[in-house]
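Everything on this sheet refers to the single structure shown next.
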RNA sequence: GGCCCCAUCGUCUAGCCUGGCCUAGGACACAAGGUUUUCAUCCUUGUAACAGGGGUUCGAAUCCCCUUGGGGUCACCA
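In my numbering, the protein residues as written are 28 to 525.
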């Protein structure tokens, strides 16, 4: 273990702003940071960027924590964990930022600006209209010191802007190589608001520096911010961290991912019951790959194989089908006992049964879940698909109804079958009961001279309302007697309609 | 619009840096078979891509340039 510290130094951070839920893109950024830290025995810091007090909420902070806990992305330093470089909420770090601003002011690398929002808005509007470059015209940059003093003393509100000098910024990016911006393209951006609070770009520099961050891994939408931040690091004589700007995730048609494209909040995936290992695998494979062969990665595989260099440069579209596939893959790998433990609270929440009943009926529940976990990708789907054991069938799925109608005289056959299996419910041993169902069914098929292929879809339909179910013998043996016989006997209720 | 980033099957991608092994590989999805007493799993097979144009070179998916396309960003938001 002591060996892991030999690689030491590496410190990364995930720095979400708590203005909403933790979305897919953010979760992946957090994952990549986490993996990089774990891969190299570094430190993963969580920092909450809540300098925007209007939009930040405690609920959103909690949502982010929950999302990260669901995915198992535990941070080494940060809220609830502590650490030597706190506080880990930007809102509590004002004094640190103030010092930086004062330092820049003292060096003549920042200046007060008295321009009003109205003037700025007008300026922007006229620039847009003239189709020239949009940006601050540096009106206050070279104000006479006497005038500045006079206006400040008169109580005129002002912001502090960073003075961008001539030159070129070079961003060391581990994924894209060196990215360059001409300084003239960069505005004299505001670093402190009129109310005295600091703005994002300055806060980030103060924190990344203060927290000794060595690698900044974040979405490529930050590339232009990075240019400003590098300028700030240099102006303050602080070491510039290495960067890795990861490609963005898009919805279908390469549009920005939105609610219309399905769940964007990781909490929703948690609620649907995607296993964390499936989400991790899915998230990691969007924009990252190991070789031309492997697709399935466990948490430990990811830590072992992850590298920033193998992150692709182009954006990825979010593909639900792939997630579902991964979901069912990992579901099959989970021991039934564990799946049952996760499913139980959901069943109780649905009022299918009480906790006491669950304990008493554990053996049957175990088998019901076992049969479903082989063919479903989420915990909620498992619940949906075992609902028929607990609830009456409201309606048949179209496919099920169709296959039921296809077989002539099916209603009669089914009720006849019901009378044949009545006795099997007397068998208390589950395996013996399954065998008994098989025997009864086989005998019945012979008597009636029909094939299982002809009869099975009908049985399946009336018993479960669904076209895809686990093997029939097991399924019947796992049902309660009364609803089983009742459903078999009343198949005509589905046929009579329309 | 300025600036920046990107460009291989429908999707995620391998290959590109260090040109020839690429008649471009894998996975998801889709289609067709097979296994399964029924569903699913599973197995086999198939459809399907180097954005376009110029160079450089004996030879380019791989290097260079242009075009086109997509994305990001231009707040007293983060």
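Beta carbons: idealized from backbone N, C-alpha and C, even for Gly.
Query, Result
"Kindly list the residues whose CB is nearer than 7 Å to the CB of residue 45, restricted to its own chain and excluding five residues on each side of it in sequence; keep chain order.", "75, 77, 83, 84, 87, 88, 91"
"Can you tell me whether residue 132 is helix, strand or coil according to DSSP?", "helix"
"So, do the stretch 346-357 and the stretch 304-317 have three or more beta carbon pairs nearer to each other than 8 Å?", "yes"
"Under 8 Å, do residue 169 and residue 189 count as touching if we go by C-beta distance?", "no"
"Within 10 angstroms of the Cβ of residue 469, are there 16 or more other Cβ atoms? Answer buried if so, exposed if not.", "exposed"
"Closest by CA to residue 61, which one among 100, 43, 293, 49?", "100"
"Roughly how many angstroms separate the alpha carbons of residue 424 and residue 447, rounded to a whole number?", "27 Å"
"What alpha helix (DSSP H) runs, 4 residues minimum, are completely inside the stretch 198-261?", "227-237"
"By Cβ distance below 8 Å, which residues in the same chain neighbour residue 484 in space, the five residues on each side in sequence not counted?", "427, 430, 431, 433, 434, 494"
"In chain order, which alpha helix (DSSP H) runs of at least 4 residues are fully inside the stretch 374-448?", "382-387, 389-400, 406-413, 425-433, 437-448"
"Less than 7 Å between C-beta atoms, sequence neighbours within five positions excluded: which residues of the same chain meet that for residue 288?", "278, 279, 345"
"Tell me which residue opens and which closes the alpha helix (DSSP H) that residue 270 is part of.", "Careful: residue 270 lies outside any alpha helix (DSSP H), inside the beta strand (DSSP E) at 269-273."
"Specify whether the stretch 447-467 and the stretch 493-509 touch according to this definition: at least 3 beta carbon pairs, one from each stretch, less than 8 Å apart.", "yes"
"Where do the ends of the alpha helix (DSSP H) carrying residue 61 lie?", "51-66"
"Provide the residue span of the beta strand (DSSP E) that contains residue 187, from first to last.", "186-189"
"Comparing alpha-carbon positions, which option in 50, 337, 238 lies nearest residue 317?", "337"
"What does the Cβ neighbour count give for residue 95, buried or exposed, with the cut at 16 atoms within 10 Å?", "buried"
"Can you tell me whether DSSP reads residue 193 as helix, strand or coil?", "coil"
"What distance in whole Å lies between the Cβ atoms of residue 335 and residue 290, which are believed to be in contact at a cut-off of 8 Å?", "Not quite, the Cβ-Cβ distance comes to about 27 Å (not below 8 Å), so this is no contact."
"Going along the chain, which residues of its own chain have a beta-carbon closer than 6 Å to the beta-carbon of residue 103, five neighbours each way excluded?", "70, 71"
"Could you check if residue 179 is buried or exposed, using at least 16 other CB atoms within 10 Å of its CB as the buried criterion?", "exposed"
"In whole angstroms, what separates the C-alpha of residue 58 from that of residue 356?", "20 Å"
"Assign residue 469 to one of three DSSP states: helix, strand, or coil.", "helix"
"Below 7 Å CB to CB, which residues in the same chain sit around residue 109 once its five sequence neighbours on both sides are set aside?", "none"
"In this structure, how does DSSP classify residue 94 when only helix, strand and coil are distinguished?", "helix"
"Please list the terminal residues of the continuous alpha helix (DSSP H) segment that includes residue 578.", "The requested residue 578 does not occur in the structure, where the chain is confined to residues 28 to 525."
"Can you tell me whether DSSP reads residue 138 as helix, strand or coil?", "strand"
"DSSP three-state call for residue 39: helix, strand or coil?", "strand"
"Whole-angstrom Cβ separation of residue 380 and residue 417, contact assumed at under 8 Å?", "6 Å"
"So is residue 161 buried or exposed if we call it buried at 16+ other beta carbons inside 10 Å?", "exposed"
"Between the alpha carbons of residue 118 and residue 236, how many angstroms are there, rounded?", "16 Å"
"Between which residues of its own chain and residue 247 is the CB-CB distance below 7 Å, once the five residues before and five after are set aside?", "272, 273, 274, 275"
"By Cβ distance below 7 Å, which residues in the same chain neighbour residue 444 in space, the five residues on each side in sequence not counted?", "471, 515"
"What are the residues that DSSP puts in a beta bridge with residue 283?", "277"
"Measuring only the C-alpha atoms, how far is residue 174 from residue 125?", "23 Å"
"Hey, residue 358 and residue 403: beta-carbon distance below 8 Å or not?", "yes"
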